[in-house]
Amino acid sequence: MNARAENLFHDHVDAICRRTDRMFAVLMAIEYVGGIAAALLISPKTWSGSQSSIHVHVLAAVVLGALILSLPITLALVLPGRAVTRHVIAVAQMLDSALLIHLSGGRIETHFHIFGSLAFLAFYRDWRVLISASTVVALDHFLRGLYWPQSVYGVLSPSPFRWIEHTTWVVFEDIFIVLACRQSIHEMREIAVRRAFVEQVAQERAENISELQETRGQLNEALKAKTAFMSICGHELKTPLTSLSLQNQLAARAIRTGDTALLSRERISSMVNQTDSQIKRLLRLVDDMLDQSRIQMGKLKLEVEDVDLSELIEEVVGRYQQQAESAGSPIWLDNRQPLSGRWDRFRIEQVVTNLVSNAIKYGAGKPLEIGLSRRGNTAVIAVRDHGSGIAKEHHSKIFEQFERVSPSPHIAGLGLGLYITKNIVEQHGGTIRVESQPGQGSCFLVQLPLDAQAGQNAQTG
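This is the structure:
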C-alpha cells in the first residue's frame, strides 16, 4: 500500500503542477497585454521640443515583455509538470513584476504585484520555486537600487539598505507560504494513503467476491456431481440387489412349496453362481465408491513393495479370459520378458483389472491385445481393443468422475473406473493416456516408473 500511496501522491502533485503551469501560461499572456496597456496609459509618447515619438517604456513593454514571457509560456505548453518549467515561470514572473514597477516609475502600488505573484506560485505546493523567485526579487532591488534607483523606488537617492527592507517583506511572506505548502503536502500524502487504503480494501473485496463466486460455482458443481453420483449409485446398486432379491424369493418359494425342479442340484448351483456374481458386483461398486472418497480426501495411500508385473498381468488376464471369450473378445497377451519394479501390488492390479474389464465391455466382440514392455526406467502397459473408439475431444474427459466411454444403458458402471485408474497411476508418479479414433478401437497406455517412490519424489519436485 505504501508504494501505491506514493504513486498516488506523485500523480496528484504532477496534476497540480501541470494545471498551475497552464494557469501561468494564460496569466502571463494577460500580463503581457496588461504591461503594454499600462505603458500606453502612463507614458505613451516622449517629446523633444515639438517632435514626439513612442516612449521607450512602450518599447520596453513590447520587447522586454516578449523576451521575459515567451520562454515560460512555451515551456508551460511543451513541458508541463517539469521542475525546470515552474522555476523558469517563477523567475519570469518576478522579472515581469520588475518590468511593471519600472513602467510605473517605481510606484509603491506596483510592488504588490510581487506579493501577489508569490501567492500564485504557492499553487505549486513547491517551496523551492519561492527561493528562485525571491532571489530574483532581492537581486533586482539591490542592482537597480544601486544603479537606477528611480526605476525601482521612484526616488533618486534612496537608503542603501532599502533593498533589504523590501527583501525582508518578501521573505516574511515566503515563511508563511512555505509553511502552508508543507502543510498542504502533508495533507496530500494523508489523502494518498487513505485513497490507497480504500483501493486496497476495494480490491480485496473484489477478490473476496470473486473467490466467493468461484467457491459458489464449485459448490454448485460439487452438488451436481453429488446428485449425479447418488443417482448413478442408486441405479447401479439397485440392479444387483434386485437380482439378489429375486433369487432369494425363488429359493424361499421352492422351500415353501417343496418344488423339486427349483431345488435341483443344477438349479441351486445356478442360483449360487448368480448370487456370487451379483455380490462381487456389489463389492466392486462399494470399492469404487470408497476409492473415489479416498481420492477426494487425499487419503489414497500406497504400500510399495517388489512386484513382478509380468506375473500380475498374467493373473488378471487368466481371471478374465473366460469372460472375454464368452463376449467374443479373446485376450492376446504379449508378455515376452519378466518385468519387476516397486509398486503397490493391489493398486496396480486394480489398474490392470479396470483396463481389461473396460476393454471387454467395449471390445465389440473382437480380440483384445495386452502388451508389457520396458522403456528405460519405465514400464509400459498397453491395453488395446477394436471397438467403436473414442472421439478426440473426449480423450481427457473420460478420465473425469462419472464419465463413461459409452453412454449405453446396457453397460453397467459408476463411471469411476478410469478416474480411479488415473489417480492410482499418478500416485505412482506415472501417466496414462488413450490413443483412439472413432471406428478404430482404443489403446490405453500406462507408463509407470520402476520405483514408485522415486516417481513420486520426481513428481513432487
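Numbering (my numbering), first residue to last: 1321 to 1781.
We treat Cβ as the ideally placed atom computed from N, Cα and C, and that holds for glycine.
Query, Result
"Reduced DSSP category for Phe1443 - H, G, I as helix; E, B as strand; rest coil", "helix"
"Residue nearest to Val1624 in terms of C-alpha spacing, selected from Ile1740, Val1745, Gln1538, Leu1566", "Val1745"
"Contact check, Gly1709 vs Gln1757, beta carbons under 8 Å", "yes"
"Close-in-space but distant-in-sequence residues of the same chain around Asp1626 (CB under 7 Å, 5 per side omitted)", "Ser1660, Arg1662"
"Which of helix, strand or coil DSSP assigns to Trp1652", "strand"
"Residue interval of the beta strand (DSSP E) (run including Val1703)", "1698–1705"
"Helix, strand or coil at Arg1427 [DSSP, three-state]", "coil"
"Identity of the residues DSSP links to Glu1625 by a beta bridge", "Trp1663"
"Short Cβ contact (8 Å threshold) for Ser1789 with Gly1691", "A query on residue 1789 cannot be resolved here, the shown segment of the chain reaching from 1321 to 1781 and no further."
"Contained beta strand (DSSP E) runs [length at least 3] in the region 1560–1585, N- to C-terminal order", "none"
"Residue(s) in a DSSP beta bridge with Ser1597", "Partner(s): none; Ser1597 has no beta bridge."
"is_contact[Thr1535, chain C] using C-beta, thresh 8 Å", "No chain C appears in this structure, which consists of one protein chain only."
"First and last residue of the uninterrupted beta strand (DSSP E) at Gln1767", "1762–1769"
"The region 1465–1474 touching the region 1494–1511, judged by at least three CB pairs closer than 8 Å", "no"
"Classification of Val1676 by the beta-carbon crowding that lies within 10 angstroms, buried from 16 upward", "buried"
"Anticipated Cβ contact below 8 Å, Gly1474 with Gly1436, distance rounded", "Going by Cβ atoms, the distance from Gly1474 to Gly1436 rounds to 19 Å, so no, they are not a contact pair."
"Meets three-Cβ-pair contact criterion under 8 Å: the region 1597–1617 and the region 1636–1645", "no"
"Pro1480, buried or exposed, once every other Cβ within 10 Å from all chains shown has been counted against 16", "exposed"
"According to DSSP, residues forming a beta bridge with Ile1752", "Val1766"
"Gln1567 vs Met1591 beta-carbon contact at 8 Å", "yes"
"Cα-Cα separation, Glu1635 to Leu1770", "20 Å"
"C-beta atoms of Leu1459 and Gly1355 nearer than 8 Å", "no"
"N-terminal and C-terminal residue of the alpha helix (DSSP H) that Gly1618 is part of", "No alpha helix (DSSP H) contains Gly1618, which DSSP labels as neither H nor E."
"DSSP-derived helix/strand/coil call for Arg1402", "coil"
"Element boundaries [alpha helix (DSSP H), containing Glu1326]", "1322–1362"
"Option in Leu1438, Ala1396, Val1703 with minimal Cα separation from Ile1680", "Val1703"
"Inter-stretch contact at 8 Å, needing at least 3 Cβ pairs: the region 1441–1448 / the region 1382–1399", "no"
"Among Leu1736, Glu1689, Leu1387, Gly1696, the one whose alpha carbon lies nearest that of Phe1764", "Glu1689"
"According to DSSP, residues forming a beta bridge with Gly1691", "Asp1654, Ala1702"
"Beta-carbon gap between Leu1387 and Glu1351 smaller than 8 Å", "no"
"CB contact flag (Ser1762, Asp1705, <8 Å)", "yes"
"Stretch-stretch touch, CB-based, cutoff 8 Å, three pairs: the region 1398–1414 with the region 1378–1387", "no"
"Close Cβ partners of Ile1740 (< 6 Å) along its chain, the five nearest in sequence each way excluded", "Asp1611"
"Cβ-based burial, Ala1325 [other Cβ within 10 Å; buried from 16]", "buried"
"Straight-line Cα distance separating Lys1558 from Arg1573", "22 Å"
"Length of the line joining the Cα atoms of His1330 and Lys1717", "52 Å"
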